[in-house]
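First the structure, in the form of structure tokens, and then the observations on it.
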Amino acid sequence: MLNIVMANRGTVAQRPNGTQGKICQFKLVLLGESAVGKSSLVLRFVKGQFHEYQESTIGAAFLTQTVCLDDTTVKFEIWDTAGQERYHSLAPMYYRGAQAAIVVYDIQNQDTFVRATTWVKELQRQASPSIVIALAGNKADLANKRMVDYDEAQAYADENGLLFMETSAKTAMNVNDIFLAIAKKLPKNEQTGNASTSGQGRRLVESEGQKTAASNCCK
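Going by full-length UniProt numbering, the sequence shown opens with residue 1, and the numbers climb by one from there.
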């Protein structure tokens, strides 16, 4: 499994002069349909990279990244879940105990937005009552092919108390920003518990070298 901490890339940075304040660890899960760009968003956030043709996630992938906020270091333990229908039943295993979630849709595809609203409802019903949910309209670099209106998504987010940004993993637009906004909204007054899933969940996690099925381009 990948376990990478990047630094000095936009808002993701090391604390100056080697000082270390409080460290808070949070479990974050990404949900959304296949090929909306969940893995590309995570890859851009964690490694600052973008691959034009990103392979499909099998089960879920696990990565870590840290964000510095004033005197607090926020460590995200990120579960990037598979979007294919056959993996949907596994999603509760990954969002159970999560303190944050990013629900991703493709601005070119109205159906992925409708499915995103279904994921939000599921999180509101079954996840932690205090979970911070962000809605990401991905592939914003393809706005000329837009099928989901920005104002429609913003209104939905406002009605449901969600953070909302349009993002582009390809250009890095708002990628660090959406994770930073989540980090700012999470409570820092107590240490979080174990952010991992069960042993069964870990057996379903893939590493970078174990992906087999190719997907459509994820920007």
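The beta carbon of each residue, even a glycine, is placed where N, CA and C say it ideally should be.
Owing to the predicted nature of the structure, the values given are computational and were not obtained by experimental measurement.
Discussion item. Please give me, in chain order, every unbroken run of the beta strand (DSSP E) with length at least 3 that falls completely inside the stretch 132-178.
Written reply: 132-138, 163-166
Practice prompt. Reducing DSSP to helix, strand and coil, say where residue 120 ends up.
Written response: helix
Worksheet item: Are there 16 or more other CB atoms within 10 angstroms of the CB of residue 194, so buried, or fewer, so exposed?
Response: With a pLDDT of 42 at residue 194, under the threshold of 50, the predicted position of this residue should be treated as unreliable, and no value is reported.
Worksheet item: Which residue or residues does DSSP assign as beta-bridge partners of residue 32?
Response: 104
Worksheet item: Thinking C-alpha only, which one of 134, 173, 125, 113 is nearest residue 146?
Response: 113
Worksheet entry | Three-way DSSP call (helix, strand, coil) for residue 126 in this model | helix
Worksheet item: Is it true that the CB of residue 162 sits closer than 8 Å to the CB of residue 120?
Response: yes
Worksheet item: From 51, 165, 133, pick the residue whose C-alpha is nearest to that of residue 148; which is it?
Response: 165
Discussion item. Considering only the alpha carbon of each residue, which of 43, 185, 108, 35 lies closest to residue 65?
Written reply: 43
Worksheet item: How about residue 188: is its Cβ closer than 7 Å to a heavy atom in the ligand PLP?
Response: This structure lacks the ligand PLP, and indeed carries no ligand of any kind.
Discussion item. So, for residue 181: in the same chain, excluding its five sequence neighbours on each side, which residues have a beta-carbon less than 8 Å away from its beta-carbon?
Written reply: 134, 163, 165
Practice prompt. Kindly indicate which three-state DSSP category residue 110 falls into: helix, strand or coil?
Written response: helix
Practice prompt. Classify residue 80 as buried or exposed, calling it buried when 16 or more other Cβ atoms lie within 10 Å of its own Cβ.
Written response: buried
Item to complete: With distances taken Cα to Cα, identify the nearest neighbour of residue 97 among 106, 169, 39, 129.
Response: 129
Worksheet item: Is it true that the CB of residue 167 sits closer than 8 Å to the CB of residue 140?
Response: yes
Discussion item. Could you compute how far the alpha carbon of residue 189 sits from the alpha carbon of residue 144?
Written reply: 43 Å
Item to complete: Please confirm whether residue 29 and residue 94 have their CB atoms less than 8 Å apart.
Response: yes
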